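For the sequence shown, the working numbering begins at 2 and goes up steadily by one.
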Amino acid sequence: MRKKGGKNHLSVDRTIFWIAILILAFIGVILIKVFAGSPKTFYYEYTGLTMGTYCRIVVSSPNTNSKQLAEILFKELERIYHKYNVKDPNSFINQLNSSQGWVDLDEETFVLIDSALKFANLTNGAFDPALGNLISLWGFDKLDEKLPNDVPSSDAIQTALMKSGYKNVELDRRTRRVRLSNNVRIDLGGIAKGYALDRAYQIAKEIDPDCTGFVEVGGDIRILGPKFGSRPWVIGVRDPRKASSEITYLYLKTGAVATSGDYERFFLHNNERYHHILDPSTGYPAKGAISVTVVSENAITADALSTAGFVSAKDWEYVVQEYPKLGGTVLMVLNDGTVKKSPTMKIYERKQ
Ligand code: AMP
Ligand code: MG
């Protein structure tokens, strides 16, 4: 009897042993899954100033040097900034604005102006890349200098409006030329950051298709690839009236997000806020929203539509319902603080 009992005890011990091994193996597999990749993926972070604002590049490049890649991307942002900065007398855009008649364009500028005109048409002129005279009358083109604090006279605004508007920009596709009429001046400030971010993405992927991370310029972001190869980047949408708090979080593995807000560049005059996003139909800062955030597949679309959505805020129902058809999912904070969203925004607000 005793012998039999001893045998039973031994087999129970063995069973417990094997169950313990199985549990440990299971925990091991789970831990490997959870941490796979993350300790090996090193993110290099580059911060700097460009395009009149701050820039952050967070990149991990398994096939090249992450630091060098970040520096190359920053140089590209700088190149685009200098080429299209209306305040730089030597910039290409300034030379174009001072030219008469048909002007030859390089391929990049042709495509950029073409895209800008496309967004102008799609948004019924809410996005208008030919507001240069109006923007400089208000003084909002002074990127690196102090902003003015005076409101222009209504006569001056009407005069600047007569010398504004994308309908005065003519492109000739065959000869790749542009002609500006009525002395309009092009200002690509509403689209340049988005374009620069898309270029940074393109260059990063040409150099290392496996790189991941993101590039951020003044709050606009282009994702290069998911965090640690599989996880979303968490992007806070700031409360436009409380700099350090967020109204929601977006979880993005790809694509881009851009925000236009009345807190970015503004001055106060007689307790009224005058900001840098102008309504082409009035010549005054657009009213209705305090911030508009757009998620899109690419940064140029997010950038153009966030500016346009801000201008069209009085028609917020149209913006949140129709902009997804133009490629942008919208979140708007209206003047009274209410938040309006495209129905598809919840896809990005969900932890994936
Ligand atoms: P964003 O911060 O992307 O909305 O761009 C604002 C910048 O775009 C301004 O500083 C101007 O250079 C330019 N801008 C202002 N109003 C408009 C408009 N209605 N359409 C296109 N660009 C604009
Ligand atoms: Mg914009």
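Backbone N, C-alpha and C define an ideal beta-carbon position, used for all residues, glycine too.
Just so we're clear, the structure is a prediction, and the values are computed from it rather than from any experiment.
Residue nearest to residue i in terms of C-alpha spacing, selected from the options
| i | options | result |
| --- | --- | --- |
| ALA303 | MET52, ALA314, THR345, LEU198 | LEU198 |
| LEU50 | GLU217, ASP173, ILE192 | GLU217 |
| ARG223 | LYS352, LEU189, ILE58 | ILE58 |
| PHE75 | ALA201, LEU306, ILE348, GLY262 | ALA201 |
| TYR196 | VAL112, LEU269, ASP151 | VAL112 |
| SER165 | ILE192, ALA121, LYS341, VAL235 | ALA121 |
| ALA131 | ALA157, PRO153, ASN95 | ASN95 |
| GLU79 | LEU97, GLY53, ASN64, LEU172 | GLY53 |
| ILE81 | SER137, PHE93, HIS277, GLU298 | PHE93 |
| ALA305 | GLN322, GLY329, TYR319, LYS315 | GLY329 |
| ILE136 | GLY284, SER292, MET346, VAL334 | GLY284 |
| ASN169 | GLU265, SER155, TRP103 | TRP103 |
| ALA157 | SER182, LEU138, ASP142 | LEU138 |
| VAL293 | VAL334, GLU273, TYR319 | VAL334 |
| PRO325 | VAL152, SER297, ILE301 | SER297 |
| VAL87 | ASN134, ASP129, LEU70, ARG351 | ASN134 |
| LEU99 | LEU181, THR345, PHE268, GLY338 | The identity of residue 99 in the sequence shown is Ser, whereas the question assumes Leu. Ranking the options by Cα distance to SER99, first place goes to LEU181. |
| MET346 | LYS143, VAL238, ASP142, ARG232 | VAL238 |
| SER67 | TYR55, TYR44, THR308 | TYR44 |
Which residues DSSP lists as bridging residue i, in chain order
| i | result |
| --- | --- |
| ARG274 | LEU269 |
| ILE58 | TYR47, VAL216 |
| ILE208 | Per DSSP, none; premise fails for ILE208. |
| ILE73 | Bridge partners of ILE73: none, in fact. |
| VAL235 | TYR252 |
| GLY262 | SER292 |
| GLY338 | BP columns for GLY338 are empty, so no partner. |
| ASP221 | VAL218 |
| GLY226 | GLY214 |
| VAL179 | VAL104, LEU172 |
| ASP199 | None; ASP199 has no bridge partner. |
| SER297 | ALA257, GLY329 |
| ASP355 | Beyond the ends of the chain as shown, which are 2 and 353, falls residue 355; an answer cannot be given. |
| LEU279 | PRO286 |
Where the beta strand (DSSP E) containing residue i begins and where it ends
| i | result |
| --- | --- |
| GLY329 | 329-335 |
| PHE215 | 213-218 |
| LEU253 | 243-253 |
Check: residue i C-beta below 7 Å from any heavy atom of the ligand AMP
| i | result |
| --- | --- |
| VAL235 | no |
| GLY190 | yes |
| LEU181 | no |
| PHE354 | Since the first and last residues shown for the chain are 2 and 353, residue 354 lies out of range. |
| LEU279 | yes |
| ALA161 | no |
| PRO149 | no |
| ASP304 | yes |
| LEU74 | no |
| ILE136 | yes |
| VAL312 | yes |
| GLU79 | no |
| LEU132 | yes |
| GLU265 | yes |
| SER43 | According to the sequence displayed, residue 43 carries Phe and not Ser. Answer for PHE43: no, Cβ out of range of the ligand AMP. |
| LYS194 | yes |
| PHE141 | yes |
Heavy atom of the ligand MG within 7 Å of residue i beta-carbon
| i | result |
| --- | --- |
| SER261 | yes |
| THR308 | yes |
| ASP129 | no |
| ASP199 | no |
Whether residue i touches residue j by CB criterion (8 Å)
| i | j | result |
| --- | --- | --- |
| THR65 | GLY230 | no |
| ALA127 | VAL312 | yes |
| VAL331 | VAL295 | yes |
| ALA290 | ALA257 | no |
| CYS212 | VAL321 | no |
| ASP221 | LEU70 | no |
| LYS254 | PRO286 | no |
| ARG185 | TYR275 | Note on residue identity: the sequence assigns Val, not Arg, to residue 185. Contact flag unset, no. |
| LEU251 | GLU323 | no |
| ILE204 | GLU77 | yes |
| ILE154 | ILE301 | In the sequence on display, residue 154 carries Ser and not Ile. Cβ atoms of SER154 and ILE301: not closer than 8 Å. |
| LEU327 | LEU25 | no |
Residue span of the alpha helix (DSSP H) that contains residue i, given as start and end
| i | result |
| --- | --- |
| GLU171 | Counting along the chain, GLU171 falls outside any alpha helix (DSSP H), though it belongs to the beta strand (DSSP E) covering 170-173. |
| LEU306 | 300-312 |
| ASP156 | 155-163 |
| TYR349 | 346-350 |
| ASN125 | Here ASN125 belongs to no alpha helix (DSSP H), and DSSP marks it neither H nor E. |
| SER137 | 133-139 |
| ASN95 | 93-98 |
| VAL320 | 317-323 |
Residue i CB to nearest heavy atom of the ligand MN below 7 Å
| i | result |
| --- | --- |
| THR330 | This structure does not include the ligand MN; its bound ligands are the ligand AMP and the ligand MG. |
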